[in-house]
Amino acid sequence: DGGITQSPKYLFRKEGQNVTLSCEQNLNHDAMYWYRQDPGQGLRLIYYSQIVNDFQKGDIAEGYSVSREKKESFPLTVTSAQKNPTAFYLCASSRANYGYTFGSGTRLTVV
Amino acid sequence: AQSVTQLGSHVSVSEGALVLLRCNYSSSVPPYLFWYVQYPNQGLQLLLKYTSAATLVKGINGFEAEFKKSETSFHLTKPSAHMSDAAEYFCAVSEGGSGGGADGLTFGKGTHLIIQP
């Protein structure tokens, strides 16, 4: 079955560390997105990519970085510059007229 | 710029009662509108979407929503609530289409639906 796989499901980060969240899709979708979810805040867009080797900042990109070297993969790195990284992170992909598909999320906690 | 307002961060209904979750949007172009449901520690599941066809949209699990341009609303309803409907619900808007839109989806802050036995 086609879908989006996010890993790991739970991730713990020490202060000052960079961590990378994985997102892989086998839906042949062109666009991919990273959202951050905080209680009572809804989902906020971090980065998105419409094609390979190109990506755009979303509303809250500071402290995050991404790459899009393959169509299927869109990893998100949470850098030490992100002062409040504890959140639930959701990856999504989309293709024109096919709608959006979401992964099951990664919960990141700073320890 | 597009935005979404969901009225009521928490809504409580009795089992068997009508469910009404409110969503208002703003958009500079004809919007595409979505309702998603999220269960704890899971991703988002699409309930239904409006893509400029019929204004009354039927979705999964007995949910439906009506697009009202004059009110800029897209409220979600279900005639009879079930215990399994307890979850977080998100309304979202896209100006880039029903998929592959340039800027992705803009979400409301969510409504937590509580079902009382």
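So the protein lines, in turn, are chains A and B.
Heads up: the first sequence begins at 18 in the working numbering, then just goes up one per residue.
Heads up: the second sequence begins at 80 in the working numbering, then just goes up one per residue.
Glycine residues also receive a C-beta, built at the ideal position from the N, C-alpha and C atoms.
Ranked by Cα distance from A:V95, the options A:K87, A:S84, A:G80, A:C108 are led by A:G80. Contact of A:G120 with chain B by beta-carbon distance below 8 Å involves G122. In the DSSP annotation of this structure, the continuous segment of the beta strand (DSSP E) that includes B:E145 starts and ends at 143 to 147. Under DSSP, B:K128 takes part in a beta bridge, and its partners are B:F113. Chain A places no beta carbon closer than 8 Å to that of B:G138, leaving this residue out of the contacts.
In its chain, beyond the 5 residues on either side, V127 have a beta carbon closer than 7 Å to the beta carbon of A:E32.
Chain A places no beta carbon closer than 8 Å to that of B:K147, leaving this residue out of the contacts. Looking at the DSSP output, A:T96 sits in no beta bridge, so it has no partner there.
For B:S82, the pairing in a beta bridge is given by DSSP as B:S105. When only Cα atoms are considered, B:L125 and B:F153 end up about 15 Å apart.
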